[in-house]
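Single-structure report; data block below.
As structure tokens, then:
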């Protein structure tokens with residue numbers, strides 16, 4: 014009986030952890046000193062930009078770190094996107110990759126998130142790509 018109770022408590026703890034992980038508040042948690050470049054690709058136009066200017070990187074990272082998000086839905090089969098961000102460290106290793114589809118909608122891997130605190134500077138990001146496209 015004791016072993017069964019331990020198993021039930023363990024399973025409940027795992028389920029609770031998964032629920033909190035999925036539905037909990039998320040942030041980008043980027044460390045400015047670790048970011049060497051940011052690539053933004055516009056899914057509407059096919060244009061992209063690689064940002065290596067430290068001031069521009071700081072502006073983008075600060076905006077991303079200002080927002081908090083909450084799980085919205087599974088986006089496994091959703092195709093297409095507006096802006097795809099790839100953030101790299103000094104060793105040219107991709108640290109984070111995510112999609113922004115507006116000032117309050119973010120997609121990471123198989124999940125979509127709604128911004129609940131702060132506001133993504135979507136218009137600025139979009140114009141930055143189109144103004145400096147390669």
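Numbering (our numbering), first residue to last: 14 to 147.
Idealized CB from N, CA, C, for every residue including glycine.
As the structure is a computational prediction, the values presented were derived from the model and not from experiment.
Can you have a look at residue 89 and say buried or exposed, based on whether 16 or more other CB atoms are within 10 angstroms of its CB? Translated into positions along the chain shown, residue 89 becomes position 76. So residue 89 ends up on the exposed side.
Mark residue 17 as exposed unless 16 or more other C-beta atoms lie within 10 angstroms of its C-beta, in which case mark it buried. The count along the chain shown starts at 1 and reaches residue 17 at position 4. It counts as exposed.
So, helix, strand or coil for residue 92, using DSSP? In the chain shown, the residue the question calls residue 92 occupies position 79. Here residue 92 carries a coil assignment [DSSP, helix/strand/coil].
Can you check whether the C-beta of residue 61 is within less than 8 Å of a C-beta belonging to chain D? Structure shown: chain D not included; a single protein chain is present.
Whole-angstrom distance between residue 20 and residue 93, CA atom to CA atom: Sequence index remark: in the chain shown, residue 93 carries index 80 (1-based). Sequence index remark: in the chain shown, residue 20 carries index 7 (1-based). Residue 93 and residue 20 have their C-alpha atoms some 43 Å from each other.
N-terminal and C-terminal residue of the alpha helix (DSSP H) that residue 102 is part of: For this step, residue 102 is matched to residue 89 along the chain shown. Residue 102 -> no alpha helix (DSSP H), and no H or E assigned at all.
Do you know how far the Cα of residue 22 is from the Cα of residue 127? Residue mapping note: residue 127 aligns to position 114 of the chain shown, counting from 1. Residue mapping note: residue 22 aligns to position 9 of the chain shown, counting from 1. Answer to the nearest angstrom: the Cα atoms are 32 Å apart.
Please name the residue, chosen from 105, 119, 56, that lies closest to residue 111 on a Cα-to-Cα basis. For this step, residue 111 is matched to residue 98 along the chain shown. Nearest C-alpha to residue 111: 119.
Between 59, 32, 141, 132, which has its C-alpha nearest residue 77's C-alpha? The sequence position of residue 77 within the chain shown is 64, counting from 1. Of 59, 32, 141, 132, the residue nearest in Cα terms is 132.
In terms of DSSP beta bridges, what is residue 120 paired with? If you number the chain shown from 1, residue 120 lands on position 107. Beta-bridge pairing links residue 120 to 112, 125.
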